[in-house]
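Participant: The opening residue of the sequence shown carries number 1 in UniProt numbering; numbering runs sequentially from there.
By construction, the Cβ of each residue, glycine as well, lies at the ideal position given by its N, Cα and C atoms.
Dropping a structure here in structure tokens format, bear with me for questions.
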Amino acid sequence: MSENKIILVTGGSGLVGKAIQTVLEDEKKSDETWIFVNSKDANLCDLEETKKLFEKHKPTHVIHLAAMVGGLFHNMNHNLDFLRNNLQMNSNVLDVSYATGVKKVVSCLSTCIFPDKTTCPIDETMIHNGPPHPSNFGYSYAKRMIDIMNKAYHEQHGCLYTSVVPCNVFGPHDNYNLESSHVIPGLIRRLHDVTEAGGKTFTVLGTGKPLRQFIYSLDLAKLFLWVLREYNEIEPIILSVDEAAEVSIRQLTEELAKAFDFKGEIVFDTTKADGQYKKTASNAKLRKYLPDFEFTPFPVAVKESVDWYRANYQNARN
């Protein structure tokens, strides 16, 4: 008989945490107890609060999603905050996990941590091959250090701490705050505001040319469960849609307009920064393990995300 796993999910009320909760409604196992916590339960930048959280729940496994996150312009203005807070938080979670005998930790990185000057597609071996894009160097270096700490804990103590690298995540329960949101929820919020006001023009910042891979949060949640249960490498694994599923910001905007049934004009403000043009990630390692995994078609995922926001915008994270 397998022993009961007690799985603590930090950042449990965020986009990915909520998606994991949704997927568990169908995929929960009898030998798993899931505990979802957020910043109200403990400030993970504080070591003592982190210790108390672990003492209370006594997890055997941890999915570490908590982070200080934000979009391009928020990162550009707060690199020191992103660096310090994320370094502190990640160090505390791994430190207390080791001290309390947690058997496995799965931390969440991001494709934006990869080198700015690199060849595409990017794979898991290239994380430390050069400086990240200068717009978000604080966040990127803090996230890179999780990979370094995982290797050090394994080398010195034999710990099974690993990490996943999702491409751009979107879906229900996202952060729609215009100051700190990522691209899809930010555009959903702004197009919602335009349609509610009866506007005829939707202005998008930048040229619309940059290319991105987007993963639906419910697909990512299913992959997180697989990583927790089955993936036992220390080396990180990229959780991304296939390279062929890459879309431009213009294509994304057109898909959102369809989901909103917006018939007005889409205008691109080319005076605003685009960020990196392309950061295509290879999911070859994931496909080696899960060759038949089916991702939700992008138009379906966009429509479901828009419909969720329209139904829940009064209570959403605006």
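(1) Closest to Gly174 by C-alpha separation, out of Val9, Ile7, Asn4, Ser13, would be which residue?
(2) Kindly confirm or deny that the stretch 195-215 and the stretch 235-248 touch, where touching means at least three C-beta pairs closer than 8 Å.
(3) Anyone know if the C-beta pair for Val306 and Ile188 falls short of 8 Å?
(4) Quick check: what's the CA-CA separation for Leu205 versus Cys112?
(5) For Tyr277, does the count of other Cβ atoms within 10 angstroms reach 16, so buried, or fall short, so exposed?
(6) Closest by CA to residue 322, which one among Ile146, Pro115, His57?
(7) Let's test the definition: count the other Cβ atoms within 10 Å of the Cβ of Asp219 and tell me whether it reaches 16, buried, or not, exposed.
(8) For Val102 versus Ser163, is the C-beta spacing smaller than 8 Å?
(9) Could you pull the DSSP bridge partners for Arg212 from this structure?
(10) Have a look at Gly11 and Ser30 and give me their C-alpha separation to the nearest angstrom.
(11) Closest to Leu252 by CA distance: which of Asn168, Phe224, Arg310 is it?
(12) Going by DSSP, what residue range makes up the alpha helix (DSSP H) through Tyr309?
(13) Could you check if Gly186 is buried or exposed, using at least 16 other CB atoms within 10 Å of its CB as the buried criterion?
(14) Where does Ile234 sit, in a helix, a strand or coil, going by DSSP?
(15) With DSSP collapsed to three states, give me the class of Pro291.
(16) Closer than 6 Å by C-beta to Lys51: which residues in its own chain qualify, once you throw out the five before and the five after it? Chain order, please.
(17) Is the Cβ-Cβ distance between Phe224 and Ile63 less than 8 Å?
(18) Use the C-beta contact count for Ala66: other C-beta atoms within 10 angstroms, 16 or more gives buried, fewer gives exposed.
(19) Using alpha carbons as the reference points, say which of Arg190, Pro166, Tyr98 lies closest to Tyr313.
(20) Bridge partners for Pro121 per DSSP, in chain order?
(21) Within the same chain, show all residues whose beta-carbon is closer than 6 Å to that of His57, passing over the 5 residues directly before and after it, in chain order.
(22) Provide the residue span of the beta strand (DSSP E) that contains Ile266, from first to last.
(23) Do Lys18 and residue 374 count as a contact pair if the criterion is CB distance below 8 Å?
(24) Using the Cβ count rule (16 or more neighbours within 10 Å means buried), how would you classify Lys40?
(25) For the alpha helix (DSSP H) that Pro185 lies in, which residues bound it at each end?
(26) Exposed or buried, what is Ile184 when buried is set at 16 or more other beta-carbons lying within 10 Å of its beta-carbon?
(27) If contacts are defined as beta-carbon pairs under 8 Å, then Ile238 and Ala281 qualify, I think. What distance do you get, rounded to the angstrom?
(28) Would you check if the stretch 149-156 and the stretch 77-86 touch, i.e. whether three or more CB-CB distances between them fall below 8 Å?
(29) In the structure shown, what three-state DSSP assignment does Tyr19 receive?
Facilitator: In brief:
(1) Rather than Gly, the amino acid found at residue 174 in this sequence is Asp. Nearest of Val9, Ile7, Asn4, Ser13 to Asp174, Cα basis: Ser13.
(2) yes
(3) yes
(4) 19 Å
(5) exposed
(6) As shown, the chain starts at 1 and ends at 318. That puts residue 322 outside it, with no answer to give.
(7) So Asp219 counts as buried.
(8) no
(9) Val247
(10) 23 Å
(11) Asn168
(12) 298-312
(13) buried
(14) coil
(15) coil
(16) Val96
(17) yes
(18) buried
(19) Arg190
(20) Bridge partners of Pro121: none, in fact.
(21) Leu8, Ile35
(22) 265-269
(23) Nothing can be reported for residue 374, as the shown portion of the chain is limited to 1 through 318.
(24) exposed
(25) Element bounds for Pro185: 183-196.
(26) buried
(27) Between Ala281 and Ile238 the Cβ distance is about 5 Å, and since that is below 8 Å, they are a contact.
(28) no
(29) For the sequence presented, residue 19 should be read as Ala rather than Tyr. Of the three classes helix, strand and coil, the one that applies to Ala19 here is helix, per DSSP.
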